[in-house]
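Worksheet: one structure, shown below.
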Amino acid sequence: MEYNFREVEKKWQQYWREKNVYKTEIDYSKPKYYVLDMFPYPSGAGLHVGHPLGYIASDIYARYKRQKGFNVLHPMGYDAFGLPAEQYAIQTGQHPAITTSQNIERYREQMDKIGFSYDWSREFRTCDPDYYKWTQWTFIQLFNHYYCQDAQRARPISELEEVFAMEGTARIRPAATVEISFTADEWNRKTEEEKQTILLNYRLAYLADTWVNWCPKLGTVLANDEVVNGISVRGGYPVERKLMKQWILRVSAYAERLLQGLNTVDWSDSLKEIQKNWIGKSEGAFIQFALSKNNSQFSILNSQFSIDIFTTRPDTIFGATFMVLCPEHELIEKITTPEQKKEVDEYVFKAKNRTEVERAGDVKKISGVFTGAYAINPFTNTEIPVYVAEYVLAGYGTGAIMAVPAHDSRDYAFAKYFNLPVIEVIKGGDIDEEAYEVKEGICINSGFITGMEVKEGAKVVIEKVKEIGIGYGTINYRLRDAIFSRQRYWGEPFPVYFKNDIPYMLPEDELPLLLPEVDKFLPTETGEPPLARAQNWQTKEGNKLECSTMPGFAGSSGYYLRYMDPHNEKEYFSKETNQYWQNVDLYVGGTEHATGHLIYSRFWNKFLYDIGLVCKEEPFQKLINQGMIQGRSNFVYRIQGTNTFVSFGLKDNYDVSPIHVDINIVQNDILNMDAFKQWSPDFADAEFILENGKYICGWEVEKMSKSKYNVQNPDDLIEKYGADTLRMYEMFLGPIELAKPWDTNGIEGVSRFIRKFWRLFHDANNEWNICEAEPSPDEYKILHRTIQKIENDNERFSFNTAVSAFMICVNELSDNKCNKRKILEPLTILLSAYAPHICEELWYLLGNEDSVIFANYPEFNPNYLVENTFNYPVSFNGKTRFFKEFPIDKSISEMESEILQLEESKKWIEGKVVKKVIIVPKKIINVVL
RNA sequence: GCCCGAAUGGCGGAAUUGGUAGACGCGCUACAUUCAGGGUGUAGUAACCGCACGGUUGUGCAAGUUCGAGUCUUGUUUCGGGCACCA
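When we follow the numbering used here, the leftmost residue of the first sequence carries the number 335, and every step to the right adds one.
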């Protein structure tokens, strides 16, 4: 009988579900392996073929690892809080929880059809109170800790309070929002409120006024990685800058460790590079420039102020001929002279109110205004003018710079525009033409560093400023703190209440703080977030609760930990489960999370590491980025003004316009003309100009989208070809990490392979036909070459070449008409990671249901001898099967009786009667430690 | 502008350590089975010259190292990705 994939796949999926074969428990007799996919946000559109690509790869690897004797944790869940469900709720009034549940149901259905080996008993959603309780709990811990820069780790805030009471800020260096100092006496005299306000300056989760990306259309703030070119990633609305009181995570405190940690993980270089750039470490100096006392009536006042700058080029300080402040700089109003005030105020007002889009729009346009004030270059002792300009950013360094026009192109352009002096301080350039921006060379016109190499000069200048007491060498990071408040409904409520406007944490035993019901999912009339609409949104004592909710990345930052112990009601996860599962060994997902989720998660994990909750500092040991699957659109060509369509090869002879056509009515670029006529009433009476009797469509690679009619739904492909074929074809498309267009054309090849594999076990009349004879050396050779190749490919995640190897193997066996059990049986195990359904069925037909697998040494090839062997139970298609090494000098019956006497074998086989013993090459299931 | 990565037939892509380039699949061509279609099987398929034996060229482009380069070095072009007034 021909292979009936519909029946077989349904049968085994049901079997796996009913018998819970993929349920995973801690098992100290086996080494652990944790394979994780980036869990999906369940959108209304369901899965398209791009989504499962990574899931299939990780599933293959998980199954492969199980065969190798590892205890594999392979869970799945949903990132369920988020904007789309809320936007939908605003439009329709339907509660986001309902939309989310429906979408999840659809996702689950689609995933089940692909035959994944997830342990679904561990599933949870980030919107489950049982889960977000621990998101809230972690937030409280962040609030209760500060970052000690000397110890390079988080410490309890209570320790800081003790130090403050004993010796003030004199000797301690906590990471802070603003540098402040006070003595123990001053601290002890402060009121409780004042103390709490000061502590916010140090907490890892703190509340502060900050410039945020405000999206008026969405009515919420967004994190930097949620904004691209001044446009919101979700929805594509303009984003502006606004000063607001927000919860913020002090991610920047971990900048150095986030950077160093990259050296210890196995990620692609490009991904590490992205994170490195995002963290943006630069070494330089912090230097104070005193303001000149000579200018105007502010002279007395000015002597109190200095302009603090950060520079990576202290060696060029002799060329600093002016200074620039960002428009947000607090010094501006204090130093601007009356004559300049009007102009400055206007400039600052305009700059502050410009949206990010507008600002980004004219990066090249030079603008700025003189404040009337002068600073003093501490080394040349000359007065240099102070400007305000947009090209200096508030969020980086100190928001002020010393401008060295000779060696910085932006300063150069600014100096030329305002006619400011340009002093060359590094030899080699032509500063009449352009700025000479090199990082090496000889210093000139530079007082005591003249003649030195640039690097040496920088060192000497740093020593000198330190000596005078106006600065020091320092390291600056571009990584900014993460704004953690969202003015939305569908997110985790903060476990925070306010007393006299000071925030306090709820007691841990009152968690979870449940998301309240509201009448509408919109902000209130007074502009407060939706939670302000909730009845009695206050504590038992009547204190006001926080109305913002947490952002999408809150729930996804620590979800991988919860899978270890998902039903624990007392803890996030138990120490024991964390000790066993440690961290994620293999994480599979898209690069788009490089500067978002993957930074936040690492931060989250490092914090939990500091407080002793997790045993590994890095959460994801190896990471694979599956490439995006692009769409492959098909086109028909209509002759202008007619309803006649020209085939691709002839279109150049006519004046045609291309029209997207649904890829579901095109096969191998050949249009199904009848289906086309039915596709849209517009085309009902279409006529065609054909080539060789066929209508050939054109094609192009584009983003997969509904409007381009190029979305390929996995369900349709499974219906037509089966899950095993889909799984193998997605792998066959190309290297997992490469972006590639989806092209259904090749799927026939894999489908053919599956049928061919099936036919190996059957005769010409499709009757079961397996031969028990001893295989020939040539046949063994085919098998063992394949085992070797697949093992190799699996280990280096080269799934596309592995599929090729299977095809070659089956072609060769089929050429030799080889239907020998001893060849096909091991192949079935080998292929089961890729095509689990057909292999499970064949295994069953082979009569191997309750079987013991023996591994032997193939006699003909000593290369397959492996020195260290272990007797492990192996898991194959979810069922644990006993694996025992088979010495060459014993007969099968001898081994059979030996194994049946073993206590362990009875345990492993769970009381089942062992019917038979199967011999396979040991390499397939050997554990290599 | 800066930082990564890639470039191989009509197409997707192989080539694991510098050692027969083009595996495997799609598509295409021919033949067999068949009323036909589908399916299956067999043979061919980088380009050029040649009936054929065979020969020449060939991994974006230009040089170099080497007995030998798709692979290493330098320069260059194009495409993709990241960052983007980051001082």
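Note that CB positions come from ideal geometry on N, CA and C, so glycine has one too.
Fair warning: this is a prediction, and the values are worked out from it, not measured in the lab.
Three-way DSSP call (helix, strand, coil) for residue i in this model
i: K1240; result: Annotation note: pLDDT 47 at K1240 (below 50); position unreliable, no value reported.
i: Q631; result: A caution first: Q631 carries a pLDDT of 46, below 50, which makes its placement in the model unreliable, though a value can still be read off. Coil.
i: D600; result: strand
i: G983; result: helix
i: L593; result: helix
i: V406; result: strand
i: L1072; result: coil
i: Q428; result: coil
i: V342; result: helix
i: N535; result: coil
i: K357; result: coil
i: A685; result: helix
i: E1064; result: helix
i: Q347; result: helix
i: I1124; result: helix
i: L848; result: coil
i: A587; result: helix
i: C482; result: strand
i: S701; result: coil
i: L654; result: Checking the displayed sequence, the identity of residue 654 turns out to be Ala instead of Leu. Three-state result, A654: coil.
i: Q869; result: coil
i: K1054; result: helix
Beta-carbon proximity of residue i to residue j, cut-off 8 angstroms
i: H997; j: Y1043; result: The question names His, but residue 997 in the sequence shown is Ile. Contact: yes.
i: Y466; j: W1092; result: no
i: Y751; j: I760; result: no
i: A749; j: P739; result: yes
i: V799; j: G791; result: no
i: F1133; j: I1070; result: yes
i: P463; j: P846; result: yes
i: C1031; j: V995; result: yes
i: Y1266; j: S586; result: Summary: the structure shown does not reach residue 1266, with the chain confined to residues 335 through 1263, and so no result is reported for it.
i: A1139; j: T1120; result: yes
i: A619; j: P648; result: yes
i: L333; j: W938; result: Residue 333 is absent from the model: the chain starts at 335 and stops at 1263.
i: N1079; j: N1002; result: yes
i: P1267; j: K1074; result: Within the shown structure, residues of the chain are numbered from 335 to 1263, placing residue 1267 beyond reach of any answer.
i: Y921; j: L895; result: no
For residue i, the first and last residue of its enclosing beta strand (DSSP E)
i: V918; result: V918 to G923
i: K615; result: K615 to A624
i: A1009; result: Segment M1007 to W1013 is the alpha helix (DSSP H) holding A1009; no beta strand (DSSP E) there.
i: I836; result: I836 to M839
i: S640; result: S640 to T645
Residue i - containing alpha helix (DSSP H), residue span
i: M1141; result: F1133 to D1149
i: M500; result: I491 to E501
i: R400; result: P386 to Q401
Of the residues the options, the one placed nearest residue i, counting alpha carbons only
i: G570; options: W548, L840, E1053 and G876; result: W548
i: L541; options: V561, G502 and W581; result: W581
i: A414; options: S1148, F887, L1067 and E905; result: F887
i: I360; options: N405, E341, V555 and K344; result: N405
i: L1176; options: S1138, K1123, R1089 and A1098; result: R1089
i: K940; options: R814, Q594, I448 and R568; result: Q594
i: Y1168; options: S435, E1125 and P900; result: E1125
i: Y1029; options: I973, S1041, Y988 and L984; result: L984
i: E495; options: Q609, R688, Y480 and L942; result: Y480
i: E1082; options: W1102, I1052, A509 and K615; result: I1052
i: Y725; options: T716, I718 and D742; result: D742
With three or more beta-carbon pairs closer than 8 angstroms as the criterion, would you say the region 716-733 touches the region 652-661? yes
Would you call the region 375-384 and the region 855-870 in contact, with 3 or more CB pairs under 8 angstroms? no
Determine contact between the region 1142-1156 and the region 1111-1125, defined as no fewer than three beta-carbon pairs at a distance below 8 angstroms. yes
Report yes or no: do three or more beta-carbon pairs, one from the region 817-834 and one from the region 874-892, lie closer than 8 angstroms? yes
For the structure I just gave you, are there three or more beta carbon pairs, one from the region 802-819 and one from the region 664-679, closer than 8 angstroms? no
Closer than 8 angstroms is the cut-off here; do at least three beta carbon pairs connect the region 1047-1066 with the region 972-983? no
Given 8 angstroms, three or more beta-carbon pairs between the region 698-706 and the region 665-675: yes
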